[in-house]
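Enquirer: Here it is: the structure, laid out below.
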Amino acid sequence: MDFLQQLVFALVLGSSYALIAIGLTMVYGILKVLHVAHAGIYTLGAYMALLVVTHLTRNFWVALLLGMVAAGLAGVLIYRGVYYYILRRPRIVPLIVSIGIFTAMNELFRLLFGPYQHAFPAVLRFPMVITPYFLITQKQLLIIVLTTFFLLMLYLVLNKTRVGLAWQACSQDLSMAGAVGVPVDWAVALNFLLGSALAGAAGVLMAFYRNMVYPTMGNVVAYKAFVVVVLGGFGSVRGSVIAGMLLALVETFLGSLEWFNFPRDAIAFLLLILVLMFRPKGLFGRL
Amino acid sequence: MLLVDDLRVAYGKILAVEEVSLEVDERELVAVIGANGAGKTSLLSALMGLVEPRGGTISFRERDITRFPSWWRVRLGLALVPEGGRIFPDLSVEKNLLLGAFVVRSRRGLVENLELVFSLFPVLKERLNQRAGTLSGGERQMLAIGRSLMASPKLLLVDEVSMGLMPKLIPEILGTFRKLRGERGMSVLLAEQNAREALQVVDRGYVLKNGRVVLAGTAVELRENDEVKTAYLGL
């Protein structure tokens, strides 16, 4: 049935939105910085994985792992190397710096790897699901399963560990968190590590799914991730995941209607404007 | 135990604390009294590492902690009950208390501290799963004190705990600090606008005015001092 097939597409798209938006939300929740360069991290993950598959091994899992590691470390580097020193400035300062980092990263990818699209020839043994009603290719199944796994892990870390507790405190009152004994610098660095690794995973997964890697692949993603974070109610991880899935559903189903002749990417921004006008705290408030 | 020497705190060009020197000994209750804006909160914030001092030194248990991050000070045995409590409003009472014990690594220490907090403030036990933001003003102060005790502090910094409390609760809350000294050997530095109540419980006190220490002495001396009587006790 067409409906179920569309649902599969929406789940795949929503997975990528959710994975990217989580990092943005976590950073915003704690530092109150709009971390635009996060989309550069997404691209960086994809390029790292590309290097692995073209030079090291075709094994997808190795590429994914190294892509996530590189992305995570790059995130920590951006925090400790840049944001750390400008956090107490007016909020516009880190925002503009972040846009600068993002642009610089895009240019760096273009200089290093050229302005063209690279194929992503990773190999993966993974089942495929064919039913009379819909088909899930191995790549689609991989994305859905992996995203579910990551979200479960994230849920456990946030709710069942010391680090998660520390993050909850940091996002409510950063200096008070320090005053009860939370090593704030470490907590924030770990937060960047995890959020960036997830963005890197999204980059690798999308590179694999669409079979291409290119310097500006993070651009639309950057804007969309912001829409997702706003819809989800700034700083709420659960909200972002739900909002990411919702946005993907709306985009996929509206886009599949015959009379819908608008560019699909515009839907997110129309939604953004509507939400900011009528529900500025996000669709669900703070979850 | 705590030695503050020539401490200065400034926000931009505005000096909030000027050349303040004071000390707190083991098992001692000390008050810093002063009007609103005298610099009490700035002083305590600097002691806890929430603001960076412009000059001077803070040493705690024979260590110069002037530039230590606040979480490191907690590990050395300092804890703060901040003005207004500053509990984590969206987290449960239980999580607030667990966060207070972030530096306590042993299970036993955690349980002991929880028992101490529940014995002082039984109402917190009933509210464990409630969101801290839904507590009443008095309960929030109790949670803030409880949270600070969870870290097994050696010196408790208490900022304006009487503010916003029902008058009849004030002696009770201040009394708990005497109890803590007796049972746990804790020292307490109490910043208070309410000089009358504060001078009832402490051993010694400093009077802070426009960021400077203008008077120091035992609680009895301060209570009998004419200047204190007219300016802070309203006699």
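The listed protein sequences derive, respectively, from chains A and B.
When you line the first sequence up against the working numbering, it's residues 1 to 287, in that order.
When you line the second sequence up against the working numbering, it's residues 1001 to 1235, in that order.
Where is the CB? At the ideal position from N, CA and C, for every residue including glycine.
Quick caveat, the model's predicted, so the values are computed rather than measured.
Is Asp265 (chain A) helix, strand or coil by DSSP?
Expert: coil
Enquirer: Please name the residue, chosen from B:Met1166, B:Arg1008, B:Val1004, that lies closest to Asn1210 (chain B) on a Cα-to-Cα basis.
Expert: B:Arg1008
Enquirer: Exposed or buried, which one is Arg58 (chain A) when buried takes at least 16 other CB atoms within 10 Å?
Expert: exposed
Enquirer: Taking 7 Å as the CB-CB limit, is Val1201 (chain B) close to chain A?
Expert: Chain A contact via Cβ: absent.
Enquirer: For chain A, is any of its Cβ atoms less than 7 Å away from the one on Gly1100 (chain B)?
Expert: Taking Cβ atoms only, chain A reaches closer than 7 Å to Gly1100 (chain B), which makes this a yes.
Enquirer: May I ask which residues mark the beginning and end of the beta strand (DSSP E) holding Tyr83 (chain A)?
Expert: Here Tyr83 (chain A) belongs to no beta strand (DSSP E), and DSSP marks it neither H nor E.
Enquirer: What residues from chain B crowd round Val182 (chain A), counting only those whose CB sits closer than 8 Å?
Expert: Trp1071, Leu1099, Phe1102
Enquirer: May I have the straight-line CA-CA distance separating Val1017 (chain B) from Leu1110 (chain B), to the nearest angstrom?
Expert: If I take the Cα positions, the gap works out to 36 Å.
Enquirer: At the level of alpha carbons, what is the spacing between Gly233 (chain A) and Ser1070 (chain B)?
Expert: When only Cα atoms are considered, Gly233 (chain A) and Ser1070 (chain B) end up about 30 Å apart.
Enquirer: Mapping the DSSP letters down to three states, classify Leu276 (chain A) as helix, strand or coil.
Expert: Residue state, collapsed to three classes: helix.
Enquirer: Which residue's Cα is closest to the Cα of Met212 (chain A): A:Ser256, A:Tyr47, A:Ser236, A:Val82?
Expert: A:Tyr47
Enquirer: Report the start-end ranges of each beta strand (DSSP E) in the segment 1006-1054 of chain B that is 3 residues or longer and not cut off at the edges.
Expert: With a minimum length of 3 residues, the continuous beta strand (DSSP E) runs that stay inside the segment 1006-1054 of chain B are 1014-1024, 1029-1033.
Enquirer: Taking 7 Å as the cut-off, decide whether the C-beta atoms of Tyr42 (chain A) and Gly244 (chain A) are in contact.
Expert: no
Enquirer: If distances are taken between C-alpha atoms only, which option among A:Val229, A:Gly239, A:Tyr85, A:Leu158 comes closest to Tyr28 (chain A)?
Expert: A:Val229
Enquirer: Does Phe1121 (chain B) have its Cβ less than 7 Å from a Cβ in chain A?
Expert: no
Enquirer: Between which two residues does the alpha helix (DSSP H) harbouring Val228 (chain A) extend?
Expert: Annotation for Val228 (chain A): the continuous alpha helix (DSSP H) segment containing it runs 219-231.
Enquirer: The alpha helix (DSSP H) with Lys160 (chain A) in it runs from where to where?
Expert: Residues 138-160.
Enquirer: By DSSP, does Leu287 (chain A) sit in helix, in strand, or in coil?
Expert: Any reading at Leu287 (chain A) is ruled out, since the residue's pLDDT is 44, under 50, leaving its predicted position unreliable.
Enquirer: Quick check on the DSSP output: the beta strand (DSSP E) that includes Gly1217 (chain B) runs from which residue to which?
Expert: Looking at the DSSP string, the run of the beta strand (DSSP E) that includes Gly1217 (chain B) is 1212-1218.
Enquirer: Going by the CB atoms, is the gap between Gly1205 (chain B) and Ala1031 (chain B) shorter than 7 Å?
Expert: yes
Enquirer: With 7 Å as the threshold, decide whether the Cβ of Gln172 (chain A) is near any Cβ in chain B.
Expert: yes
Enquirer: Using a cut-off of 8 Å between C-beta atoms, extract the partners of Met176 (chain A) located in chain B.
Expert: Pro1082, Arg1086, Phe1088
Enquirer: Can you tell me which residues form a DSSP beta bridge with Ser1187 (chain B)?
Expert: B:Leu1155
Enquirer: How far does the beta strand (DSSP E) with Val1104 (chain B) in it extend, from its first residue to its last?
Expert: Neither: Val1104 (chain B) is in no beta strand (DSSP E) and is coded neither H nor E.
Enquirer: What residue does the beta strand (DSSP E) around Tyr209 (chain A) start on, and which one ends it?
Expert: No beta strand (DSSP E) holds Tyr209 (chain A); the alpha helix (DSSP H) holding it covers 184-210.
Enquirer: Just mark Leu205 (chain A) as buried or exposed, buried being the case when its beta carbon has 16 or more other beta carbons within 10 Å.
Expert: buried
Enquirer: Which ranges would you report for the alpha helix (DSSP H) in the segment 1106-1131 of chain B if only whole runs of at least 4 residues count?
Expert: For the segment 1106-1131 of chain B, whole alpha helix (DSSP H) runs of length 4 or above, ordered along the chain, are 1107-1120, 1122-1126.
Enquirer: Apart from the five residues on each side of it in sequence, which residues of its chain come closer than 8 Å, Cβ to Cβ, to Ile86 (chain A)?
Expert: Val93, Pro94, Val97
Enquirer: Let me know if Trp259 (chain A) comes out buried or exposed under the rule of 16 or more other beta-carbons within 10 Å of its beta-carbon.
Expert: exposed
Enquirer: Three-state secondary structure (DSSP) at Arg88 (chain A)?
Expert: coil
Enquirer: Judging by CA-CA distance, which residue of B:Ile1058, B:Leu1143, B:Val1104 is the nearest neighbour of Glu1094 (chain B)?
Expert: B:Leu1143
Enquirer: Residues in its own chain within less than 7 Å of Val1201 (chain B) by CB, not counting five upstream and five downstream?
Expert: Around Val1201 (chain B): Leu1029, Leu1174, Gly1175, Phe1177, Arg1178.
Enquirer: What residues of chain B sit near Ala46 (chain A), judged by a beta carbon separation below 7 Å?
Expert: Under a criterion of Cβ atoms nearer than 7 Å, no residue of chain B is adjacent to Ala46 (chain A); the nearest Cβ is some 35 Å distant.
Enquirer: According to DSSP, which residues form a beta bridge with Leu1080 (chain B)?
Expert: B:Leu1157
Enquirer: Look at the alpha carbon of Gly14 (chain A) and the alpha carbon of Ala207 (chain A), and state the distance between them as a whole number of angstroms.
Expert: 15 Å
Enquirer: Starting from Val1009 (chain B), find everything on chain A with Cβ-Cβ shorter than 9 Å and list it in chain order.
Expert: Under the 9 Å cutoff, chain A gives no residues; its nearest Cβ is about 15 Å from Val1009 (chain B).
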